[in-house]
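Here's the structure, in structure tokens; my notes come after.
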Amino acid sequence: MSTPATARLSILAAALLFSTGGAAIKGTALTAFQVAGFRSGVAALALALLLPEARRGFGLDLLPAALSYAATLVCFVTATKLTTAAAAIFLQSTAPVWVLLLAPVLLGERIRPRDLPYVALAVCGLALVFLGSREAIATAPRPGPGNAIALASGLFYALLMITLRRLARGGGGTDRTMPAMVLGNGLAFAACLPFALPVAEVRTADAVAIVYLGVVQIGLAYWFFARGLRALGALEVSLLVLLEPVLNPLWTWLLHGERPGLAASAGGAVMLAALAARAVLE
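Okay, so the sequence shown: first residue is 1 according to the numbering used here, each after it adds one.
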């Protein structure tokens with residue numbers, strides 16, 4: 001049984017592995033569809049092998065969550081290929097704001113007045129990220145479309161959170177996150193495959209990156225995450241996983257020399273501060 005200390009280390013290890021995705025994606029010469037599809041195919045197998053709970057609880061009611069997760073995966077990889085890793089992860093981190101805005105319609109939960117300052121801060125941070133990541137560079141050739149797709153990944157991630165919450169309500173609180181992850185990766189693989197083939201050339205570095213992304217950055221990361229989640233509360237987990245968007249741009253800068261820019265970094269800091277403040281004050 002996990003102690004709180006080992007559980008915290010597990011969540012931090014998961015966040016650390018999640019954070020390496022941007023640098024690994026940018027390190028491949030493969031297209032976005034090839035990276036997203038092959039990574040998800042490997043990840044589906046890795047999750048099914050590593051996590052017994054990922055092999056149970058399949059059903060058609062998982063489809064909304066799985067489709068949302070599949071769209072999140074494909075959008076994030078595509079965004080990372082087009083814009084800076086910092087912009088991609090910061091804009092995906094708008095998911096909690098989307099949850100607040102969509103919850104009244106999809107969950108019947110009202111927006112509380114005390115939530116509005118966090119939304120306002122997140123919007124300010126969002127504007128700074130867009131303003132600070134408009135210029136094309138070697139590792140971010142099309143930041144405009146990339147930023148828009150990254151924002152879409154945040155929306156789809158929010159839909160994943162909402163659909164998982166609805167699943168838990170309907171299943172008496174049973175957590176079916178992991179089978180949804182397996183199914184979502186499988187759907188992402190199937191959706192990307194027609195656009196990923198044929199593969200003109202696969203370098204050794206590309207193959208290593210795909211295996212790393214599927215087995216380690218997703219599979220092993222969720223193994224750590226699942227074990228840490230059992231002994232910690234939602235607040236502590238939500239704060240610990242903020243390590244991912246902090247480290248993601250750092251690895252990309254160290255490995256690829258990609259600098260996100262002052263405005264984009266400031267915008268990301270504002271959004272992360274808003275998320276942390278809301279988690280602490282809830």
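Glycine is no exception: its CB is placed at the ideal position from the N, C-alpha and C atoms.
Asked	Found
Is DSSP giving Ala138 helix, strand or coil here?	coil
Specify the secondary structure class of Ser93 as computed by DSSP and reduced to three states.	coil
Can you list, in chain order, the residues of its chain with a C-beta nearer than 6 Å to that of Phe38? Leave out the 5 residues immediately preceding and following it.	Ile210
Assuming Leu229 and Val237 make a contact with CB atoms under 8 Å, what is their CB distance in whole Å?	6 Å
Less than 9 Å separating the beta-carbons of Leu160 and Ser19?	no
Out of Trp253, Arg110, Val105 and Pro249, which has the shortest C-alpha to C-alpha gap to Ala86?	Pro249
Distance, Cα to Cα, Arg56 vs Leu183?	11 Å
Taking the continuous alpha helix (DSSP H) assigned at Thr72, which residues delimit it?	Leu63 to Leu82
Among Arg112, Gly132 and Ser40, which has the Cα closest to the Cα of Thr84?	Gly132
Going by C-alpha to C-alpha distance, which of Gly41, Glu135 and Ala23 sits closest to Pro245?	Ala23
Per the contact definition of three or more C-beta pairs closer than 8 Å, is the segment 184-193 in contact with the segment 29-49?	yes
Helix, strand or coil for Ile111 per DSSP?	coil
If we ignore side chains and look at the alpha-carbon of each, how far apart do Leu275 and Glu53 end up?	29 Å
Return the Cβ separation of Leu213 and Ala140 in integer angstroms, given the expectation that the two are a contact with Cβ distance under 8 Å.	Wrong, their Cβ atoms sit about 19 Å apart, outside the cutoff.
For Ser133, name the three-state secondary structure that DSSP assigns.	coil
Between Asn185 and Ala15, is the Cβ-Cβ spacing less than 9 Å?	no
For Arg227 and Arg165, what's the separation of their Cα atoms in angstroms?	20 Å
Pairs of beta-carbons, one from the segment 92-109 and one from the segment 145-162, closer than 8 Å: are there three or more?	yes
Starting from Gly186, follow the alpha helix (DSSP H) in both directions and report where the run begins and ends.	Thr177 to Ala196
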